[in-house]
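Accompanying notes for the structure given below.
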């Protein structure tokens, strides 16, 4: 009886140590609340060392999810990245309207100089206009 109690106690202690070890390895969330959305994001938990994308898009103002998509509260990398727009490039032409044109940021009337996406989509870089066909 005494041996089984000792064995059960040792197993319980081992289980508690394993649980504590697993919990201590989880990243502590770094919360960011961008000014434009007012919604908490945990992207900086893993991406705190990334350089600022541009001075005109400060992370404190825009956050990450507004342009890049993704699951803002996920701490698991696969889940966090599962709904990203354009993979690592939110300005990919297949998703640019949703990522860069959202909330009328870079799309709109030419008279207001908000037609960035429309101009980029018809640019030489996007259309390859004038490119010499390969032989």
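Numbering (the numbering used here), first residue to last: 12 to 146. Virtual Cβ for every residue (Gly too), placed ideally from N, Cα, C.
Take every Cβ of the region 52 to 59, pair it with every Cβ of the region 27 to 34, and state whether three or more of those distances are shorter than 8 Å.
No: fewer than three Cβ pairs fall under 8 Å.
Just curious, the alpha helix (DSSP H) that residue 55 is in, first and last residue?
For the purposes of this step, residue 55 is taken as residue 44 along the chain shown, with counting starting at 1. Here the alpha helix (DSSP H) through residue 55 covers 55 to 58.
With contact counted as at least three CB pairs below 8 Å, one residue from each stretch, are the region 83 to 102 and the region 59 to 69 in contact?
They do not touch, by the three-pair rule.
Using the DSSP secondary-structure output, state which residues sit across from residue 112 in a beta bridge.
If you number the chain shown from 1, residue 112 lands on position 101. Residue 112 pairs with nothing; no bridge assigned.
Could you tell me whether the region 71 to 79 touches the region 94 to 110, where touching means 3 or more Cβ pairs closer than 8 Å?
Short answer: they touch.
Determine the direct distance from the alpha carbon of residue 134 to that of residue 142, and round the result to whole angstroms.
Your numbering for residue 142 matches position 131 in the chain shown. Your numbering for residue 134 matches position 123 in the chain shown. Distance between the alpha carbons of residue 142 and residue 134: 12 Å.
Taking only beta-carbon atoms, is residue 31 less than 8 Å away from chain B?
Structure shown: chain B not included; a single protein chain is present.
Give the DSSP-derived three-state secondary structure of residue 63 in the structure shown.
Mapped onto the chain shown, residue 63 falls at position 52. Coil, per DSSP.
From residue 140 to residue 132, what distance separates their C-alpha atoms?
Residue numbering aside, residue 140 sits at position 129 when the chain shown is read from its first letter. Residue numbering aside, residue 132 sits at position 121 when the chain shown is read from its first letter. Using only the alpha carbons, I get a separation of about 12 Å.
Whose C-beta lies closer than 7 Å to the C-beta of residue 46 among residues of the same chain, with five residues either side of it excluded?
To locate residue 46, count along the chain shown from 1; it is residue 35. Cβ neighbours of residue 46 beyond the five flanking positions: 71, 72.
Among 37, 106, 43, 137, which has the Cα closest to the Cα of residue 83?
As a working note, residue 83 is residue 72 in the chain shown. When only C-alpha atoms are compared, the closest one is 43.
Just the Cα atoms here: how many angstroms apart are residue 16 and residue 27?
By 1-based counting over the chain shown, the position of residue 16 is 5. By 1-based counting over the chain shown, the position of residue 27 is 16. Rounded to whole angstroms, residue 16 to residue 27 spans 16 Å at the Cα level.
Give the straight-line distance between the Cα atoms of residue 117 and residue 41, rounded to the nearest whole angstrom.
Working through the chain shown from its first residue, we reach residue 117 at position 106. Working through the chain shown from its first residue, we reach residue 41 at position 30. Their backbone Cα atoms lie some 29 Å apart in a straight line.
So the candidates are 105, 56, 24, 21; which of them puts its Cα closest to the Cα of residue 38?
Residue 38 sits at position 27 when you count from the first residue of the chain shown. Measuring from the Cα of residue 38, the nearest candidate turns out to be 56.
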